[in-house]
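For the sequence shown, the UniProt record's numbering assigns the number 1 to the initial residue and increments by one for each residue that follows. We put the CB at the ideal spot given by N, CA and C, even for glycine. Reading through the structure tokens given below for one structure.
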Amino acid sequence: MQGLRQNHLVFAITGIFLLVLFVGANRNLCGSVFKTQVGYALLGHVMTKTDVLDEFECQLKCMGNGSCKSFNVHHKSNNTKRICELNNITWQMNPDDFKQKKGSTYFGSVQVSKKNVSLKFACYRVGFYRR
């Protein structure tokens with residue numbers, strides 16, 4: 001019983017420490033958001049390609065990959081799964097490769113600062129936005 005309490009205490013202290021460390025390191029950033037462009041895809045910069053259930057799963061894959069800067073999601077015609085392509089650049093880095101593509105959606109990462117008041121969305125809405 002005593003050992004179990006010690007384990008819980010160690011986990012609680014570790015969790016608090018990691019939370020303080022994360023908040024301190026990111027106090028001026030809201031996080032990564034992804035600007036969407038429906039009907040477009042960035043071509044020729046795919047690092048990995050996998051099947052996913054939805055856009056959110058693809059976003060998590062991108063956020064978990066340190067080299068991912070953007071991603072494309074392509075809808076399959078008669079399947080519930082979608083194709084997720086992780087890109088190593090954003091469309092702004094190579095606009096010539098940003099093409100219209102029916103059935104696809106492009107998601108480009110944008111760092112959002114709390115101090116950046118020009119953006120018309122709140123910091124607590126980490127995820128997707130459209131202009």
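Whole angstroms are fine: how far does the CA of residue 54 sit from the CA of residue 81?
Position 81 of the sequence shown holds residue 81. Position 54 of the sequence shown holds residue 54. C-alpha separation (whole angstroms): 7 angstroms.
CA-to-CA distance, residue 68 to residue 103, given in whole angstroms
Residue mapping note: residue 103 aligns to position 103 of the sequence shown, counting from 1. Residue mapping note: residue 68 aligns to position 68 of the sequence shown, counting from 1. Straight-line Cα distance between these residues: approximately 22 angstroms.
What is the rounded straight-line gap between the Cα of residue 43 and the Cα of residue 75?
On the sequence shown, position 43 is the one that residue 43 refers to. On the sequence shown, position 75 is the one that residue 75 refers to. Taking C-alpha positions only, residue 43 is separated from residue 75 by approximately 16 angstroms.
Per DSSP, which residues does residue 89 bridge with? Please list them.
Residue mapping note: residue 89 aligns to position 89 of the sequence shown, counting from 1. Looking at the DSSP output, residue 89 sits in no beta bridge, so it has no partner there.
Give the DSSP-derived three-state secondary structure of residue 60 in the structure shown.
Taking the sequence shown and counting its residues from 1, one reaches residue 60 at position 60. Looking at residue 60 - three-state DSSP - the assignment turns out to be helix.
So, is residue 37 buried or exposed, given that buried needs 16 or more other C-beta atoms within 10 angstroms?
By 1-based counting over the sequence shown, the position of residue 37 is 37. Label assigned to residue 37: buried.
At the level of alpha carbons, what is the spacing between residue 71 and residue 58?
Here residue 71 refers to the residue found at position 71 of the sequence shown. Here residue 58 refers to the residue found at position 58 of the sequence shown. Rounded to the nearest angstrom, the two C-alpha atoms are 8 angstroms apart.
According to the neighbour-count rule (16 or more other Cβ atoms, all chains shown, within 10 Å of its Cβ), is residue 34 buried or exposed?
Taking the first residue of the sequence shown as 1, we reach residue 34 at position 34. Buried.
Option nearest residue 144 by Cα separation, candidates 101, 90, 49, 96:
Because residue 144 is not part of the residues shown, which for the chain are 1 to 131, the question remains open.
What whole-angstrom Cβ distance do residue 86 and residue 46 have, given they're in contact under 8 angstroms?
If you number the sequence shown from 1, residue 86 lands on position 86. If you number the sequence shown from 1, residue 46 lands on position 46. With a contact defined as Cβ atoms closer than 8 angstroms, residue 86 and residue 46 qualify at about 7 angstroms.
Just how far apart, CA to CA, sit residue 40 and residue 56?
If you number the sequence shown from 1, residue 40 lands on position 40. If you number the sequence shown from 1, residue 56 lands on position 56. Computed Cα separation, rounded: 18 angstroms.
In terms of DSSP beta bridges, what is residue 45 paired with?
Taking the first residue of the sequence shown as position 1, residue 45 is located at position 45. Residue 45 is not bridged to any residue.
Determine the direct distance from the alpha carbon of residue 100 to that of residue 88, and round the result to whole angstroms.
Counting from 1 along the sequence shown, the entry for residue 88 is found at position 88. Counting from 1 along the sequence shown, the entry for residue 100 is found at position 100. Residue 88 and residue 100 have their C-alpha atoms roughly 19 angstroms apart.
Beta-carbon proximity of residue 73 to residue 105, cut-off 8 angstroms:
By one-based count along the sequence shown, residue 73 stands at place 73. By one-based count along the sequence shown, residue 105 stands at place 105. Against a cut-off of 8 angstroms, the Cβ pair of residue 105 and residue 73 comes out as a contact.
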